[in-house]
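> Below is a structure I'd like to ask you about.
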Amino acid sequence: MSYRVFARKYRPQTFDEVVGQEHITRTLQNAISAGRVAQAYLFVGPRGIGKTSTARILAKALNCVNGPTATPCGVCDACKEIAEGRSLDVLEIDGASNNGVENIRELRDNAAYAPARGPFKVYLIDEVHMLSAGAFNALLKTLEEPPEHVKFIFATTEAQKVPATITSRCQRFDLRRIPTESISAHLQDIARKENITMEPAAADAIARAAEGGLRDAESMLDQSVAFCGDNISATDVMAVFGFTPREVIHSLLDHVLARDAAAALAVIAGQAEAGRDLSRLLADLISLIRDELVAGVVGASSAPREKLLLLLDLFAETEARMRWATDKKLQFDVATIKAVHILDQASLDDVLTTLSALSRGESVPAAPVRQTPPAVPARPAPVAPAIPAAAAPPKLETAPAPAPISIPAPTPSAPTHETAPARQLPSEDLLLTKAEEREEKSIDASIAWENVARTYETSIKYRWLTKGVFALIEADSVLVQLPPSEAKELASFLGEMGRKDAEEKLSKALNRKLTLRIEIGEHLAVVEETPEPEPEPAPSPEVKASTPEPAAAVPQAPVGDPMDEFKNDPLIKKALEIFRGEIQTATK
Ligand SMILES: [Zn+2]
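With our numbering applied, the sequence shown covers 25 to 612.
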C-alpha cells in the first residue's frame, strides 16, 4: 500500500479548495471569467501557504478543455496532466537550481513554440528571487514582448529581492498566513476523511504551532498519525511535538501579573527540565498576552492594558534576543524578573490620576504592599569563583523598589518664601520618576551589551564573552557578569587589549564614554541601587544595594525654602504616602 503524505493527498485542486486565500482566488476567478488574465503573475508569501498550488490551479483554469474557466474540471487530460506535473504546456522551474542566464535563454527559445495541447504555455518559476542578474535580464526581454500564448507565474518568499523591472510587469498577489481556525478546521476535515479520531484541541495545537503554514500543519498531522495511530488526543500531540499545554502558559502569565517572580521562574524551570523548547514557550506567552490585550479592548480582561503593552514589548524584544542566545533560559529568566519589576512600578498615569483625585478632595487607597518578598529560586550552589574574592560582587536579590517621585529643584524664578507655592499639578514630564529613567537606561545598556557581545560570536578567543549578561549601569560604568565557568578566561581578557576594545564598542553604542566592569557572579537579578524611603513607610523587603556607596542624601532645605513648602503641601504629602515615594532633587 502506498502512503501519500497529507499535503500531497489533499493538495487543493480547485480555487474553492484553497484554504485561507479567498482574497486571491476570488480575484483570479473574476479575471478569468471576464477574460482579463494578465501576462504575468507574482505570488508572494511565506513557504507552505499555497503559492504553488494556486499557480497550478490557475494553469488548469487556462488550459482545461473547458477553459479558460474559473472552475477547471479536473478530469480532462489537460487538467490531469497538470495536476500530476507531467503537462508539456505547463513548465515548473525551480529558480534556485536553474538560476543561470543559459536556463532562461533556453526558456525563451522554447517559449516561441506553440503549446502542445492547450491554448497556453505556462511557465511557473518558483523562488524567482534566486535568479542571477543575467537571468533576470534575459527574462525581462521575454516579459517585454511575450508571445501571445505564454503566461508567466512567478512565486517567491522574498519579493524585495525581485528587481522592480520584473515586478512592475507582473500582477502581484500577496498570499497571507492562514488563520489558525482555518488550519484547524482543515486538519479536522482531513481526519474525518481518513477515519481518524482527533480531539479538536489537538487540531488547534497543531494549527497554532504551524503559524499560518498549511503544509507544516499537514506534515505535523502526518507525524501525529505515525506516532498515535487513528486516535489523536491533545495530550499526545503535546508530547510528540513538545508543546506546552495552554494551562501552563496561563499560569506563567498569572504569576507574572501577580508579581510573583519566584513562581514564574519555577514554571520556566519546570518547562526547561521537561525538555520543552523555551523559544516556543515564549512565543506562546507573547501570543497569550496579545490575546489578553484584544480581550481587554472588549472589556473582558482584568489586567491593565498599559502594563500588558509594556510586557508585550519586553517579551517581544527578548524573543528576538533569544534567537541568538546560547543560554535561552537565562534570557527568559531575566525578562521575567524585569516584567515583575515593571509591574511593581507605579505608572505615571497612576500618579496623575491620584493627584487629580486628591485635588478634588476624593480619598484614594494606598498602593498595595507586597506581603511576601520574592525569593530567589532554589538552584545548585554556585561554583567558587577562581578569582580573588574581593572581585566577586555582592549577591543580588530581587526586591520590589518603591518608585521615588522626582520633582524639580526650585529655580531662581520660583516664588519667594512669603508667597505660598501655587497649588498646581506638576506637568507630566517633571513627574517622570527616576526609577523609570533608570529602567530605560538599563534596558538600553542591556541591548548595547548584547550587540557588543554578538560581535565576539565568531571569535574563538572571546566567544565566551557572549555568556556575559548586563547587570547594572552606574554613572559611567557598565557592569557585566559572567558565569563562574568563565572565570579563567576573564583574567586574561582583563589584562589585555580586549577590554579596551569592548569598552570602545559599548561607548559607541551608548553614545558616551563608558568603562566596562566584568565580574564573575550569578547574573540572575537586575537590581538598581534604591534609596531607602524615609521614614520607612511600611514593612518592605530588604534591598541589598549592589554598590557599597550610600545613596545620595536628599538635600536638607532651609526653613521657609519654597522647596520645603512644596514638600509640606498636604496634597503632595498625601500623594507621596499613597505611592510610598519620596522627594528627590532632580539633577541635570
Ligand atoms: Zn479540465
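Yeah, the Cβ is synthetic: ideal placement off N, Cα and C, and Gly gets one too.
Any heavy atom of ligand 1 closer than 7 Å to the Cβ of Ala102?
yes
> State the Cα-Cα distance for the pair Ile117 and Asn161, rounded to the nearest angstrom.
17 Å
> DSSP three-state label for Ala495, please.
strand
> Quick one, are the C-beta atoms of Asn134 and Ala159 less than 8 Å apart?
No, these two residues do not count as a Cβ contact at 8 Å.
> Per DSSP, what kind of secondary structure is Arg35 in: helix, strand or coil?
coil
> Using only alpha-carbon positions, find the residue among Lys331, Ala359 and Lys353 that is nearest to Ala340.
That would be Ala359, whose Cα lies nearest to the Cα of Ala340.
> Give every residue of the same chain whose Cβ lies closer than 7 Å to the Cβ of Thr189, excluding the five residues on either side of it in the sequence, and list them in chain order.
Leu164
> Which partner residues of Ser77 appear in the DSSP bridge assignment?
Answer is none; Ser77 lacks a bridge partner.
> Confirm the yes/no value for this check: CB of Gly266, any heavy atom of ligand 1, distance under 7 Å.
no
> Look at the alpha carbon of Thr76 and the alpha carbon of Asp150, and state the distance between them as a whole number of angstroms.
8 Å
> At a threshold of 7 Å, does Gly109 count as lining ligand 1 (C-beta to nearest heavy atom)?
no
> Using only CA atoms, which one of Arg536, Ala120 and Cys88 lies nearest to Val114?
Cys88
> Between Val493 and Ala296, what straight-line distance do the alpha-carbon atoms span, to the nearest angstrom?
20 Å
> I think Arg201 touches Gly236, with their Cβ atoms under 8 Å apart; what is that distance to the nearest whole Å?
2 Å
> Asp40 lies in the beta strand (DSSP E); which residues open and close that run?
Per DSSP, Asp40 belongs to no beta strand (DSSP E) and is neither H nor E.
> Could you spell out the range, first to last residue, of the alpha helix (DSSP H) harbouring Leu106?
Here residue 106 turns out to be Ile, not Leu, going by the sequence shown. Counting along the chain, Ile106 sits inside the alpha helix (DSSP H) bounded by residues Asp101 to Ala107.
> Is there at least one non-hydrogen atom of ligand 1 closer than 7 Å to the beta-carbon of Lys352?
For ligand 1, not one heavy atom lies less than 7 Å from the Cβ of Lys352.
> Note down the Cα distance separating Pro92 from Glu330, rounded to an integer number of angstroms.
In this structure, the straight-line span from the alpha carbon of Pro92 to that of Glu330 is close to 54 Å.
> Pairing CB atoms from the stretch 25-41 with CB atoms from the stretch 239-249, are three or more of them under 8 Å?
yes
> Roughly how many whole angstroms lie between the Cα atoms of Ser156 and Ala241?
Distance from the CA atom of Ser156 to the CA atom of Ala241, rounded to whole angstroms, is 33 Å.
> Mapping the DSSP letters down to three states, classify Val29 as helix, strand or coil.
coil
> Is there at least one non-hydrogen atom of ligand 1 closer than 7 Å to the beta-carbon of Gly142?
no
> Please work out which residues of its chain come closer than 6 Å, Cβ to Cβ, to Ala287, disregarding the five sequence neighbours upstream and downstream, and give them in chain order.
His279
> Using only the alpha-carbon positions, how far apart do Gly44 and Val99 sit?
25 Å
> How big is the Cα-Cα spacing for Lys145 and Ala62?
13 Å
> Are there any heavy atoms of ligand 1 lying less than 7 Å away from the beta-carbon of Val146, as far as the coordinates show?
For ligand 1, not one heavy atom lies less than 7 Å from the Cβ of Val146.
> When you compare each of Arg193, Asp351, Lys185 and Gln184 to Ile177 by their alpha carbons, which one comes out closest?
Arg193
> Could you give the residue range of the alpha helix (DSSP H) that holds Gln212?
Thr204 to Lys217
> Just how far apart, CA to CA, sit Glu168 and Gly142?
Glu168 and Gly142: Cα-Cα distance of roughly 23 Å.
> Where do the ends of the beta strand (DSSP E) carrying Ala64 lie?
Ala64 to Val68
> Is Gly299 near ligand 1, judged by its Cβ being under 7 Å from some heavy atom?
no
> Indicate, with yes or no, if ligand 2 has a heavy atom lying under 7 Å from the CB of Val89.
Ligand 2 is absent from the structure shown, which contains only ligand 1.
> Taking DSSP as the reference, what is the three-state secondary structure of Asp118?
The answer is strand: DSSP assigns Asp118 an E or B state.
> Less than 8 Å between the beta carbons of Asp228 and Ile273, yes or no?
no
> Could you tell me which residues DSSP puts in a beta bridge with Lys175?
Val146
> Rank Asp357, Cys103 and Glu41 by C-alpha distance to the C-alpha of Asp284 and give the top, closest one.
Asp357
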